[in-house]
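Chemist:
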Amino acid sequence: MEECRDLQNQIEDLIRHGHLRRYIRDQYSLPDSQLPRDPSPQPKGLVEKQIDVIIGGSASGGNSSSACKAYARTEVEKRPTHEEGLDITFRSGSEEYPCHDDALVISIRMANAHVKRVMIDTKSSADILYFDTFQKLGLTDKDLVTLTSTLTGFIGDFISPMGAATIPVTFGGEPRLKTLMVPFMVVKLSSAYNAIIGRSTLNRLKAVISTYHRLMKFPTRAGVGEVRSDPRESRQCYLMATIVPKRPKVQTAAVDPRRPEDNARDPNLAE
9 MEECRDLQNQ IEDLIRHGHL RRYIRDQYSL PDSQLPRDPS PQPKGLVEKQ IDVIIGGSAS
69 GGNSSSACKA YARTEVEKRP THEEGLDITF RSGSEEYPCH DDALVISIRM ANAHVKRVMI
129 DTKSSADILY FDTFQKLGLT DKDLVTLTST LTGFIGDFIS PMGAATIPVT FGGEPRLKTL
189 MVPFMVVKLS SAYNAIIGRS TLNRLKAVIS TYHRLMKFPT RAGVGEVRSD PRESRQCYLM
249 ATIVPKRPKV QTAAVDPRRP EDNARDPNLA E
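If you count by the working numbering, then the sequence shown holds residues 9 to 279, one letter each, in order.
Spelled out as structure tokens, the structure:
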């Protein structure tokens, strides 16, 4: 029985890497009448209206209102990919956390330090580094690039960052890892987290996130890399966040600070 499970896992790995496509029947080639049906209740009646989302700030529009307007008018470009296809899936039977709704909190390598309590936040258009962590990385004010922009919170509150610093960040472990130069906006606020990874870096990482599995996956040259969130760490951060004195919470940014130079040093960082 154990040998059968091992064989099944090996076959599924080959399928995920695209080696057995000609032997697989694509369910999307089936007629609609033969497709499996979801048992959940189906919506009834006609669609009467459409409600669009309202988003404040811009991930790459710049700090002026004219730059943001120009960014809004820019056509979204769709480019064909020339990379070999790499399927990212979340297999049933793997670790699942259906009753765990806390944020995805991971550990990453930042410069030469192992940094815990890093929140994955798809709502944030900026990558945030808290000043306490900035200092533990061995960085100083001399390593900051001045910013004139502000960070905008969910309720419209504004926070002026101390500056920006670009730091090499490594996601995953050998051999399936990826390192990116991440432009962090440094803020002097109390937080249960050491840093926040926002949409810009997640898109560059080509990350696919499953909060249900507490897992983030991304393509690498060696296959699909992954970083798993520790549910206990996530819960502890949640509890800490409810105790920390309430101050403005950074959630979105009005500018994408892709300007600072790499000033990372050799740190020795604790939690």
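For every residue, glycine included, the Cβ atom is placed at its ideal position computed from N, Cα and C.
Does the beta-carbon distance from Ile204 to Ser132 come in below 8 Å?
Modeler: Pairing Ile204 with Ser132 gives a Cβ-Cβ distance under 8 Å.
Chemist: Tell me whether the beta-carbon of Asn202 lies closer than 8 Å to the beta-carbon of Thr141.
Modeler: Result yes, Cβ atoms of Asn202 and Thr141 sit closer than 8 Å.
Chemist: Near Arg117, which residues of its chain fall below 6 Å by C-beta distance, leaving aside the five closest residues on each side in sequence?
Modeler: Thr178
Chemist: Is DSSP giving Tyr138 helix, strand or coil here?
Modeler: strand
Chemist: Taking only runs of the beta strand (DSSP E) that begin and end inside the stretch 125–201, which ones reach a length of at least 3 residues, in chain order?
Modeler: 135–138, 171–181, 184–195
Chemist: Just the C-alpha distance for Val235 and Arg184, rounded to the nearest angstrom, thanks.
Modeler: 10 Å
Chemist: Taking all protein chains shown into account, do 16 or more other C-beta atoms lie within 10 angstroms of the C-beta of Ala172, making it buried, or fewer, making it exposed?
Modeler: With 16 or more other Cβ atoms within 10 Å, it is buried.
Chemist: Spatial neighbours of Lys214 within its chain, please: C-beta separation below 8 Å, excluding the five flanking residues on both sides.
Modeler: Phe226, Pro227
Chemist: Would you mind reading off the limits of the alpha helix (DSSP H) that contains Thr209?
Modeler: 207–213
Chemist: Could you give the DSSP three-state label for Ile217: helix, strand or coil?
Modeler: strand
Chemist: Hey, would you say Val2 sits closer than 8 Å to Cys245, going by beta carbons?
Modeler: The first residue shown for the chain is 9 and the last is 279, placing residue 2 beyond what the model contains.
Chemist: Are the CB atoms of Val216 and Phe139 nearer to each other than 8 Å?
Modeler: Not in contact: Val216 and Phe139 (Cβ atoms no closer than 8 Å).
Chemist: So for Ser115, helix, strand or coil by DSSP?
Modeler: strand
Chemist: Please say whether Val190 and Thr209 have beta carbons closer to each other than 8 Å?
Modeler: yes
Chemist: Pull up the distance between the alpha-carbon of Thr130 and that of Ala111, whole angstroms please.
Modeler: 10 Å
Chemist: Under the three-state reduction of DSSP, which class applies to Ile204: helix, strand or coil?
Modeler: strand
Chemist: Could you pull the DSSP bridge partners for Thr228 from this structure?
Modeler: Gly231
Chemist: If the criterion is Cβ atoms closer than 8 Å, does the pair Leu155 and Pro176 meet it?
Modeler: no
Chemist: How would you call Asp274, buried or exposed, if buried means at least 16 neighbouring beta carbons within 10 angstroms?
Modeler: Because the pLDDT at Asp274 is just 44, under 50, the model does not fix this residue reliably, and the value given afterwards should be weighed accordingly. Exposed: under 16 other Cβ atoms inside 10 Å.
Chemist: Checking 8 Å against the spacing of the C-beta atoms, do Asp109 and Phe192 come in under that value?
Modeler: no
Chemist: So which of Thr174, Asn120, Gly180 has the shortest CA-CA distance to Val153?
Modeler: Closest option to Val153, judged by alpha-carbon separation, among Thr174, Asn120, Gly180: Thr174.
Chemist: So Ile251 is in the alpha helix (DSSP H); what residue range does that whole segment cover?
Modeler: 239–251
Chemist: Classify Ile19 as buried or exposed, calling it buried when 16 or more other Cβ atoms lie within 10 Å of its own Cβ.
Modeler: exposed
Chemist: How is Leu94 classed by DSSP in three states: helix, strand or coil?
Modeler: coil
Chemist: Between Asp238 and Glu182, what straight-line distance do the alpha-carbon atoms span, to the nearest angstrom?
Modeler: 19 Å
Chemist: Determine the direct distance from the alpha carbon of Lys144 to that of Gly233, and round the result to whole angstroms.
Modeler: 27 Å
Chemist: To which residues of the same chain is Arg212 closer than 7 Å at the C-beta, ignoring the five residues directly before and after it?
Modeler: Leu188
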